[in-house]
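J.: The structure under discussion is supplied below as structure tokens; questions concerning it will follow.
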Amino acid sequence: MMESISNLWSIPLLVIIPMLTAIIVNFLYDKAIKPISICSAIIILIISIISPYGYHWFTGHPAFNPDTLLFTFNPNIFGYRLSLEFIFGPLQHIMIVISSLILLFCVTLSTIGLTKRQGPYMALLYLLFMSSVIVIMVNDLYHLWIVVEIGSLIVVGVAAASGTSISHKAALKYAFFSAISGAGLAVSLALILGLTGFANISDAIIYLRQFGIGDMATVLYIAFGFFVLSWMYAGGLAPIHPLKSEVYGASYPHATVLLQVQSKLMLVAIGIIMLRLFSMLPFVKEVMIFLSVITMMIGVIMALIQVDFRWIIAYLIISHSGLVTLGIGLGTQEGLVGGIFQAVNDIIYMTILLLCCEALFYFGGKTSTKEAYGIAKKSPFITTAVILGAIAAAGIPPFNGFQSEIILIQACLKEGLPEIAVLILMVSVTTFIALLRGIYRIFLKPPELQDQDDSNVDLPKVLIIGIIIFIILSIIIGIYPDIVLRFIIPVVKEVLLI
Amino acid sequence: MTEITIQLLGFIAATVLIVVGMGGMLFLDNLIKKVIAFTLLSDGVNLLLVALAYIEGGIVPILLPGMSISEFTSRAALVFPAGIVLTNIVIGVSTTAILVALVIMLYRRYGTLKASVILKGERR
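Structure (structure tokens):
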């Protein structure tokens with residue numbers, strides 16, 4: 001970390017630029033929206049790539065070393081920060097760079113696909129990205145609560161924007177539950193604040209470690225309960241997974257890409273915070289592992305019985321969220337590395353699949369697996385891409401999914417949980433079966449009606465470029481996992497130290 | 499026996515509001531009633547935070563002329579919960595607005611406010 005107590009310049013920019021773009025495009029019409037949105041996305045991507053590591057304090061200061069009377073970033077030194085704090089470290093770096101890249105393609109795609117109400121919709125996409133960026137950088141309970149609340153409202157808006165009755169119903173259900181979950185997180189914040197006196201997560205942890213919880217254990221249990229509720233809700237974990245899967249299935253595929261990015265970042269961010277804050281409670285890891293296992297199983301089983309390709313992907317996103325939370329729930333170095341790595345990989349291969357799903361909209365928009373459309377004949381490129389995406393999602397080498405899943409399996413075996421390792425393998429196999437079933441019906445099988453239009457469709461270049469880039473990323477990370485792991489491992493070591 | 503203080507009463511009232519609000523949101527069928535239940539829930543959370551920050555004989559956290567630092571630190575109310583309450587009020591209003599907008603859209607489409615009727619038939 002940079003040994004400076006100056007606020008890092010890039011952190012406010014990463015928050016303010018999407019927010020400003022959202023405000024501006026909201027008032028613009030047609031042609032002005034596209035250049036502003038794309039320029040903004042490029043600027044965000046550049047900032048996220050070149051930004052150094054550091055902190056931003058809204059009040060207060062870095063930790064104060066009592067021995068040297070100097071500010072310090074050493075996580076082993078107990079010193080109160082007394083601040084609302086954002087962090088931009090290696091984990092944030094890799095996550096935000098990938099999210100920014102995804103934002104660039106999603107924004108460009110949405111300017112091509114949408115004709116009406118483009119401004120407000122674009123604003124929602126930018127706010128969705130902003131909430132993802134904030135949640136991964138936050139190190140205080142106040143901002144965590146705000147971003148979960150605001151992020152939920154934006155998800156409601158994005159889901160409702162597709163304008164169907166299904167999307168309105170999905171949005172309504174999600175909005176009602178967001179109200180409950182957000183209030184729960186506020187109660188949790190109040191309880192931890194009352195217990196420790198600190199809103200800064202590092203301060204609160206240091207207080208709990210130094211002074212213990214004594215008679216107030218019950219309060220911490222209640223706070224943990226509300227945290228779990230928010231975690232389940234934000235990430236779409238079982239048993240409330242239908243809310244999230246409906247939102248994924250009801251939104252436009254390019255919006256679902258950003259929605260799943262937000263979910264994964266929230267799962268990682270809240271999961272790590274839970275692990276740090278409540279690890280002194282006896283059953284925290286068990287609860288997290290239990291939720292992960294049922295999410296993995298229910299998600300993949302539901303994916304198997306779906307008859308629409310969008311819904312198959314929606315449930316697979318849920319199922320693979322369970323893999324992310326499993327790694328975090330294990331709480332070991334291998335587990336955490338595997339969980340966070342899985343989140344990165346999951347974002348990449350689900351983006352490939354969802355972009356292929358977006359391509360289906362240019363072939364008539366039919367995604368039901370009850371009929372055959374023979375897309376392979378019309379577009380061999382999309383068919384190849386979707387098969388490669390499915391292979392990556394199933395964890396088959398040399399794609400990226402393999403690397404994170406093998407780490408997770410090793411972590412489970414080291415923890416003496418071979419049954420969960422077997423379950424991970426089952427999820428991989430079932431993922432491939434579920435996807436292959438949909439791919440065969442929609443892409444590979446010749447159409448049953450011979451009079452279907454066989455004319456070639458011109459797909460947007462940005463869609464093709466996006467798919468190629470993410471496939472290349474998937475293969476490169478699959479062959480050289482250290483490209484991503486070198487960002488994750490130092491953060492995990494730091495988390496486990498505190 | 500526990501002394502009944504204003505703070506304790508605040509906690510009890512907040513708990514009642516939160517439980518009633520959550521119950522209403524989960525179990526009532528009418529969408530408008532669900533929205534009203536949400537406002538109760540939100541108010542309960544606000545009251546919890548206010549009660550948390552309450553200090554018997556406390557003062558506003560402004561260091562006035564002539565006041566010693568020790569007197570200020572012992573009597574000044576916590577600032578942070580007030581900030582959270584303010585934020586929660588804003589978020590509560592936003593959430594209510596979105597909920598009402600969605601309810602209006604669904605009412606126009608289905609002609610009813612009953613969640614059981616609107617959500618029947620579900621997805622495809």
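As given, the protein sequences belong to chains Y and X, one line each in that order. Counting from 1, one number per residue, gives the positions in the first sequence under this note's numbering. Counting from 499, one number per residue, gives the positions in the second sequence under this note's numbering. For every residue, glycine included, the Cβ atom is placed at its ideal position computed from N, Cα and C. The structure presented is a predicted model; accordingly, all values stated were derived computationally and were not measured.
1. Is the stretch 157-172 of chain Y touching the stretch 222-238 of chain Y, taking contact as three or more C-beta pairs under 8 Å?
2. Would you say residue 501 of chain Y faces chain X, with C-beta separation under 8 Å as the test?
3. Can you tell me whether residue 415 of chain Y is helix, strand or coil according to DSSP?
4. Give a yes or no on contact between the stretch 436-445 of chain Y and the stretch 395-406 of chain Y, applying the rule of three or more CB pairs nearer than 8 Å.
5. What does residue 557 of chain X pair with, by DSSP beta-bridge criteria?
6. Identify each residue in the stretch 532-543 of chain X for which the Cβ-Cβ distance to at least one residue of chain Y is less than 7 Å, and report them in chain order.
7. In angstroms, rounded to a whole number, what distance separates the CA positions of residue 285 of chain Y and residue 129 of chain Y?
8. What is the rounded straight-line gap between the Cα of residue 382 of chain Y and the Cα of residue 400 of chain Y?
9. Excluding the five sequence neighbours on either side, which residues of its own chain have a C-beta within less than 6 Å of the C-beta of residue 18 of chain Y, listed in chain order?
10. How should residue 555 of chain X be labelled, buried or exposed, when 16 other C-beta atoms within 10 angstroms of its C-beta is the threshold for buried?
11. Just curious, the alpha helix (DSSP H) that residue 504 of chain Y is in, first and last residue?
12. Which residue or residues does DSSP assign as beta-bridge partners of residue 55 of chain Y?
13. With DSSP as the reference, label residue 8 of chain Y as helix, strand or coil.
14. With three or more beta-carbon pairs closer than 8 Å as the criterion, would you say the stretch 279-298 of chain Y touches the stretch 254-270 of chain Y?
15. Which full runs of the alpha helix (DSSP H) of 4+ residues lie inside the stretch 152-199 of chain Y, going along the chain?
16. Just checking: is the beta-carbon of residue 165 of chain Y within a distance shorter than 8 Å of some beta-carbon in chain X?
17. Can you tell me whether residue 346 of chain Y is buried or exposed, with buried defined as 16 or more other CB within 10 angstroms of its CB?
18. Return the residues of the stretch 173-194 of chain Y that lie within a Cβ-Cβ distance of less than 8 Å from chain X, sorted by chain order.
19. Output needed in chain order: residues of the stretch 566-589 of chain X with a Cβ under 8 Å from some Cβ in chain Y.
20. Would you say the stretch 345-359 of chain Y touches the stretch 469-478 of chain Y, given that touching needs at least three Cβ pairs under 8 Å?
21. For residue 571 of chain X, is the classification buried or exposed, using 16 other Cβ atoms within 10 angstroms of its Cβ as the cut-off for buried?
22. So for residue 70 of chain Y, helix, strand or coil by DSSP?
23. Under a three-way DSSP split, which group does residue 510 of chain Y fall into?
24. Return the Cβ separation of residue 103 of chain Y and residue 47 of chain Y in integer angstroms, given the expectation that the two are a contact with Cβ distance under 8 Å.
25. Do residue 276 of chain Y and residue 201 of chain Y have their CB atoms nearer than 8 Å?
26. Who are the near neighbours of residue 386 of chain Y in its chain, counting only those whose CB is closer than 7 Å to its CB and skipping five residues on each side?
27. Tell me, please, whether the CB atom of residue 318 of chain Y is closer than 8 Å to any CB atom in chain X?
28. Which whole-angstrom value is the C-beta distance of residue 611 of chain X and residue 601 of chain X, which I expect to be below 8 Å?
29. Would residue 160 of chain Y count as contacting chain X if we go by Cβ distances under 8 Å?
30. Considering only the beta carbon of each residue, do residue 586 of chain X and residue 544 of chain X sit closer than 8 Å?
31. Per DSSP, which residues does residue 612 of chain X bridge with? Please list them.
32. Tell me the DSSP secondary structure of residue 32 of chain Y in three-state form.
33. Can you have a look at residue 39 of chain Y and say buried or exposed, based on whether 16 or more other CB atoms are within 10 angstroms of its CB?
T.: From the atom records:
1. no
2. Absent from the model: residue 501 of chain Y. The displayed extent of chain Y is 1 to 498, so no value can be given.
3. Numbered from its first residue, the first sequence carries residue 415 of chain Y at position 415. Three-state result, residue 415 of chain Y: coil.
4. no
5. Counted from its first residue, the second sequence places residue 557 of chain X at position 59. Paired residue(s): X:574.
6. 532, 536, 539, 540 and 543
7. Your numbering for residue 285 of chain Y matches position 285 in the first sequence. Your numbering for residue 129 of chain Y matches position 129 in the first sequence. Between residue 285 of chain Y and residue 129 of chain Y, the C-alpha separation is close to 29 Å.
8. Along the first sequence, one-based indexing puts residue 382 of chain Y at 382. Along the first sequence, one-based indexing puts residue 400 of chain Y at 400. Rounded to the nearest angstrom, the two C-alpha atoms are 19 Å apart.
9. By one-based count along the first sequence, residue 18 of chain Y stands at place 18. Closer than 6 Å at Cβ, skipping near neighbours: 126, 129 and 130.
10. By one-based count along the second sequence, residue 555 of chain X stands at place 57. Label assigned to residue 555 of chain X: exposed.
11. In the structure displayed, chain Y extends from 1 to 498; residue 504 of chain Y sits before or after that span and is not available.
12. Taking the first sequence and counting its residues from 1, the one referred to as residue 55 of chain Y is at position 55. Answer is Y:87, bridged to residue 55 of chain Y.
13. Translated into the one-based positions of the first sequence, residue 8 of chain Y becomes position 8. Looking at residue 8 of chain Y - three-state DSSP - the assignment turns out to be coil, as it is neither helix nor strand.
14. no
15. 165-196
16. Counted from its first residue, the first sequence places residue 165 of chain Y at position 165. Chain X contact via Cβ: present.
17. Counting from one through the first sequence, the residue named residue 346 of chain Y turns up at place 346. Buried.
18. 173, 175, 176, 178, 179, 180, 182, 183, 186, 187, 189, 190, 193 and 194
19. 578, 579, 581, 582, 585, 586 and 589
20. yes
21. Taking the second sequence and counting its residues from 1, one reaches residue 571 of chain X at position 73. Result: exposed.
22. For the purposes of this step, residue 70 of chain Y is taken as residue 70 along the first sequence, with counting starting at 1. Note: residue 70 of chain Y maps to strand in three-state DSSP.
23. The structure shown has nothing for residue 510 of chain Y, since chain Y only spans 1 to 498.
24. The count along the first sequence starts at 1 and reaches residue 103 of chain Y at position 103. The count along the first sequence starts at 1 and reaches residue 47 of chain Y at position 47. Not a contact, Cβ separation roughly 12 Å.
25. Counted from its first residue, the first sequence places residue 276 of chain Y at position 276. Counted from its first residue, the first sequence places residue 201 of chain Y at position 201. Yes, they are a contact pair.
26. Along the first sequence, read from residue 1 onward, the residue named residue 386 of chain Y stands at position 386. Same-chain partners within the cutoff: 353, 356, 439 and 443.
27. Looking up residue 318 of chain Y in the first sequence gives position 318. No, residue 318 of chain Y does not count as interfacial toward chain X.
28. The sequence position of residue 611 of chain X within the second sequence is 113, counting from 1. The sequence position of residue 601 of chain X within the second sequence is 103, counting from 1. Confirmed, Cβ separation roughly 7 Å.
29. As a working note, residue 160 of chain Y is residue 160 in the first sequence. True, the Cβ-Cβ gap to chain X drops below 8 Å.
30. Counted from its first residue, the second sequence places residue 586 of chain X at position 88. Counted from its first residue, the second sequence places residue 544 of chain X at position 46. Contact: yes.
31. Translated into positions along the second sequence, residue 612 of chain X becomes position 114. Note: residue 612 of chain X sits in a beta bridge opposite X:528.
32. Translated into positions along the first sequence, residue 32 of chain Y becomes position 32. DSSP places residue 32 of chain Y in helix when its eight states are reduced to three.
33. Your numbering for residue 39 of chain Y matches position 39 in the first sequence. Looking at its Cβ environment, which holds fewer than 16 other Cβ atoms inside 10 Å, residue 39 of chain Y is exposed.
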